[in-house]
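J.: Going by my numbering, the sequence shown runs without a break in its numbering and finishes at 788.
C-beta atoms are modelled at their ideal positions from N, C-alpha and C, and glycine is treated no differently.
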Amino acid sequence: MDAQHPPSILITNGRVVLADGDIARTNVLVCDGLIAALGTDPDPVSLLRVVDAAGGFVLPGIVDIHGDAFERQIMPRPNVQFDLGLALLDTDSQMIANGITTAFHGITYSWEPGLRGRDNFVRLMETREDLKGHLRCDTHVHIRFETYNTPAADEVADWIRAGRIGLLAFNDHFPEIYAKRNDFSEMSKYAHRTGMSEVEFVAYMEEVMARKDQVREAVEKLAAAARDSGIRQLSHDDASPETRSYYNDLGCEICEFPETEETAAQARTYDNPIVMGAPNVVRGGSHNGAISAVEMISKGLCTILASDYYYPAPLAAAFKLHQEQGLSLADAWSFISSAPAKAAGLDDRGEIAEGKRADIVIVDVNKGILPRPRTTIAGGWVTGIH
Numbered sequence: 403m404d405a406q407h408p409p410s411i412l413i414t415n416g417r418v419v420l421a422d423g424d425i426a427r428t429n430v431l432v433c434d435g436l437i438a439a440l441g442t443d444p445d446p447v448s449l450l451r452v453v454d455a456a457g458g459f460v461l462p463g464i465v466d467i468h469g470d471a472f473e474r475q476i477m478p479r480p481n482v483q484f485d486l487g488l489a490l491l492d493t494d495s496q497m498i499a500n501g502i503t504t505a506f507h508g509i510t511y512s513w514e515p516g517l518r519g520r521d522n523f524v525r526l527m528e529t530r531e532d533l534k535g536h537l538r539c540d541t542h543v544h545i546r547f548e549t550y551n552t553p554a555a556d557e558v559a560d561w562i563r564a565g566r567i568g569l570l571a572f573n574d575h576f577p578e579i580y581a582k583r584n585d586f587s588e589m590s591k592y593a594h595r596t597g598m599s600e601v602e603f604v605a606y607m608e609e610v611m612a613r614k615d616q617v618r619e620a621v622e623k624l625a626a627a628a629r630d631s632g633i634r635q636l637s638h639d640d641a642s643p644e645t646r647s648y649y650n651d652l653g654c655e656i657c658e659f660p661e662t663e664e665t666a667a668q669a670r671t672y673d674n675p676i677v678m679g680a681p682n683v684v685r686g687g688s689h690n691g692a693i694s695a696v697e698m699i700s701k702g703l704c705t706i707l708a709s710d711y712y713y714p715a716p717l718a719a720a721f722k723l724h725q726e727q728g729l730s731l732a733d734a735w736s737f738i739s740s741a742p743a744k745a746a747g748l749d750d751r752g753e754i755a756e757g758k759r760a761d762i763v764i765v766d767v768n769k770g771i772l773p774r775p776r777t778t779i780a781g782g783w784v785t786g787i788h
């Protein structure tokens, strides 16, 4: 077998969820990393591999537009860090095991030093680049740029122009953290990931607050760089319709985790993709009291589900929407496949259709047992058999 080129594969006996929403018991032929044909029955002798789906569902690989659970592989306990290469390889295995074949790692580049500071961001970006060719999941950088990190704007713009960034998200967490500066327990939580004492952290925040008047210029500079480079943009935790309108006008068309229904409704007037967390669906609500993803989906105010902080969540959420909310499996699955692929500008994946990238997950659904991935195929490679 040529180690540089994936083998031809015939997937048989599965219930294939097609791009038009139909479910067909048909074969899927994979050649050169692409879906070559549907419904064909070529001579198995000519194939290097036959994958028997044996009644499972054959679905497009999951496209995870926002996931940051990799942080737990880097720092599983406070002040306990592991090698970034080891952490990203372990993360890759977790994603593949959960049917995720394309991932955008949500890496925060904050005004804070430490876990979310510049050095860690650069090392993560470089480590991912060094591991290219060794990661089974097609992995990209989703930079979560904290807007008060104004001194970094020129550098980030250069990275965008150099093609090192897959998605640009604007985060604005500083004001809410600053508002808690007199709460010692809260400051302890934030300070430990920076390596500062609580007193040092509070003093540092005063320096950051002094940049307030520079934030808009930094945001608009990065938005222009992303537009010029064809990089899709997201705004995170939009608190109001006015905030969503501001970012939409900058070409930042993906609304990520809107804080209110009114904000999500404003996003829909622009036909913006709206991202919410798959764990919100799986758990029956938000872990921090945010709006319900299921409720927003029922109102047409959520179009994409992301792993957020838990890689098993997208697959579980899609099947929960299908089994408990009455969505067709194709419609439920679109929240984690075709919709995020389209939003991210990846037109070559997210569907089981001829000519698409061969990113496929075979899922077993047995009564009394949670749906689980049996086999994951990424870019034509059979990468996970469970």
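1) Taking Ser736 as part of the beta strand (DSSP E), name the residues at either end of that continuous run.
2) Assuming Ala692 contacts Ile676 under a Cβ cut-off of 8 Å, what Cβ separation, rounded to an integer in Å, is found between them?
3) Which residue spans inside the stretch 670-718 form an unbroken beta strand (DSSP E) run of at least 3?
4) Quick one: using the 10 Å Cβ neighbour count with 16 as the cut-off for buried, is His407 buried or exposed?
5) Short of 6 Å in beta carbon distance, which residues of its chain neighbour Asn674, apart from the five on each side in sequence? Order them along the chain.
6) Using beta-carbon positions only, say whether Glu473 and Leu440 come within less than 9 Å of one another.
7) Compare the Cα-Cα distances from Gln727 to each of Glu697, Ala669, Cys433 and report the closest residue.
8) Taking the straight line between their C-alpha atoms, what separation do you get for Ala620 and Lys744?
9) Got a sec? Which residues, its chain only, sit under 6 Å from Ala755 by beta carbon, not counting five neighbours each side?
10) Specify the secondary structure class of Ser637 as computed by DSSP and reduced to three states.
11) Please report how far the alpha carbon of Ser739 lies from the alpha carbon of Asp761, in whole angstroms.
12) Exposed or buried, which one is Ala549 when buried takes at least 16 other CB atoms within 10 Å?
13) Just to confirm, are Pro742 and Asp466 a CB contact at a threshold of 9 Å?
14) Go through its chain and collect everything with a Cβ distance to Glu514's Cβ below 7 Å, but skip five positions before and after it.
15) How many angstroms separate the CA atom of Asp404 from the CA atom of Ala708?
16) Restricting to Cα atoms, I'd like to know which of Thr510, Ala499, Gly487 is closest to Tyr712.
17) What are the boundary residues of the alpha helix (DSSP H) that includes Asp521?
18) Would Arg776 be called buried (16 or more neighbouring beta carbons within 10 Å of its own) or exposed?
19) Could you give the residue range of the beta strand (DSSP E) that holds Val432?
20) Determine the extent of the beta strand (DSSP E) in which Thr549 is found, giving its start and end residues.
21) Would you call the CB atoms of Ala680 and Ala720 closer than 9 Å?
22) With DSSP as the reference, please indicate the residues paired to His507 in a beta bridge.
23) For Tyr511, which option in His544, Ala489, Leu537 has the closest C-alpha, if you only look at C-alpha atoms?
24) Taking all protein chains shown into account, do 16 or more other C-beta atoms lie within 10 angstroms of the C-beta of Asp532, making it buried, or fewer, making it exposed?
25) Who does Cys657 pair with in a DSSP beta bridge?
26) Taking the continuous beta strand (DSSP E) assigned at Phe459, which residues delimit it?
27) Nearest to Thr529 by alpha carbon, out of Arg520, Met611, Leu486, Asp710?
28) Put Leu440 into one of helix, strand or coil per three-state DSSP.
29) Is there contact between the stretch 632-644 and the stretch 566-578, where contact requires at least three CB pairs shorter than 8 Å?
30) Output yes or no for whether 9 Å exceeds the beta carbon distance between Val419 and Phe459.
31) What are the boundary residues of the beta strand (DSSP E) that includes Phe603?
32) Note down, in chain order, each residue of its chain lying with its Cβ closer than 8 Å to the Cβ of Arg563, except the 5 sequence neighbours on either side.
33) Measuring alpha carbon to alpha carbon, tell me which residue in Leu717, Arg685, Arg670 is nearest Cys704.
34) Is the beta carbon of Leu526 closer than 9 Å to that of Ile509?
35) Does the beta-carbon distance from Cys539 to Ala780 come in below 9 Å?
36) Check the DSSP bridge columns for Arg759 and list the partner residues they point to.
T.: Put simply:
1) Note, Ser736: premise wrong, no beta strand (DSSP E); alpha helix (DSSP H) at 731-736.
2) Actually they do not touch by this definition, with Cβ atoms about 13 Å apart.
3) Taking 3 residues as the minimum length, the beta strand (DSSP E) runs contained wholly in the stretch 670-718 are 676-679, 706-708, in order along the chain.
4) exposed
5) Taken in chain order, the residues that qualify are Glu655, Cys657.
6) no
7) Glu697
8) 27 Å
9) Ala421
10) Note: Ser637 maps to strand in three-state DSSP.
11) 10 Å
12) According to the sequence displayed, residue 549 carries Thr and not Ala. Result: buried.
13) yes
14) Thr596
15) Summary for Asp404: the model assigns pLDDT 45, below 50, so the residue's position carries little reliability, and this model does not support an answer.
16) Ala499
17) 520-532
18) buried
19) 430-433
20) Per DSSP, Thr549 belongs to no beta strand (DSSP E) and is neither H nor E.
21) yes
22) Gly469, Val543
23) His544
24) exposed
25) Listed as beta-bridge partners of Cys657 by DSSP are Ser637, Ile676.
26) It spans 459-462 - the beta strand (DSSP E) in which Phe459 sits, taken as one unbroken run.
27) Here the closest residue by C-alpha is Leu486.
28) Here Leu440 sits in strand by DSSP.
29) yes
30) yes
31) Phe603 -> not in any beta strand (DSSP E); alpha helix (DSSP H) instead, spanning 600-611.
32) If we look at Arg563 and ignore the five residues flanking it on each side, its Cβ neighbours are Ala627, Asp630, Ser631.
33) Arg670
34) yes
35) yes
36) Leu436
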